[in-house]
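What follows is a short report on a single structure.
Numbering (my numbering), first residue to last: 32 to 147.
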């Protein structure tokens, strides 16, 4: 089969698959901007927890939309919101640990998880 020998060349000539649109174009105006860790660090613990509640509420709404057949933009946003929640929690936990370190500074004994 000479036709079989031509097959791979024909396959290679195909244009690359279209890029996923989510990466290149900016989010729609309604979408929330991704939270940035350095912006979170300047907030107080209360503000962080408040933002965390908002994000969790938004995630719950997005999950409802997913079940009821929501728009693709909402489905894509689930990932962004989850990562945002993770960022908020990370910064919050780092803050808590720094506070604890400050509290035990210069003491004779330290909790095991604060020892270097």
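No residue lacks a Cβ here, since even glycine has one placed at the ideal position from N, Cα and C. Please read all numbers here as calculations on a predicted model, not as lab measurements.
In this structure, residue 99 keeps its C-beta atom at 9 Å or more from the C-beta atom of residue 65. Residue range 103–135 is occupied by the alpha helix (DSSP H) that includes residue 104. The beta carbons of residue 118 and residue 90 sit no closer together than 9 Å.
The Cβ neighbour count for residue 95, taken over all protein chains shown within 10 Å, is under 16; the residue is labelled exposed.
Take the alpha-carbon of residue 146 and the one of residue 110: they are about 35 Å apart.
For residue 108, the number of other beta carbons within 10 angstroms of its own is at least 16, and it is reported as buried.
Distance from the CA atom of residue 77 to the CA atom of residue 104, rounded to whole angstroms, is 30 Å.
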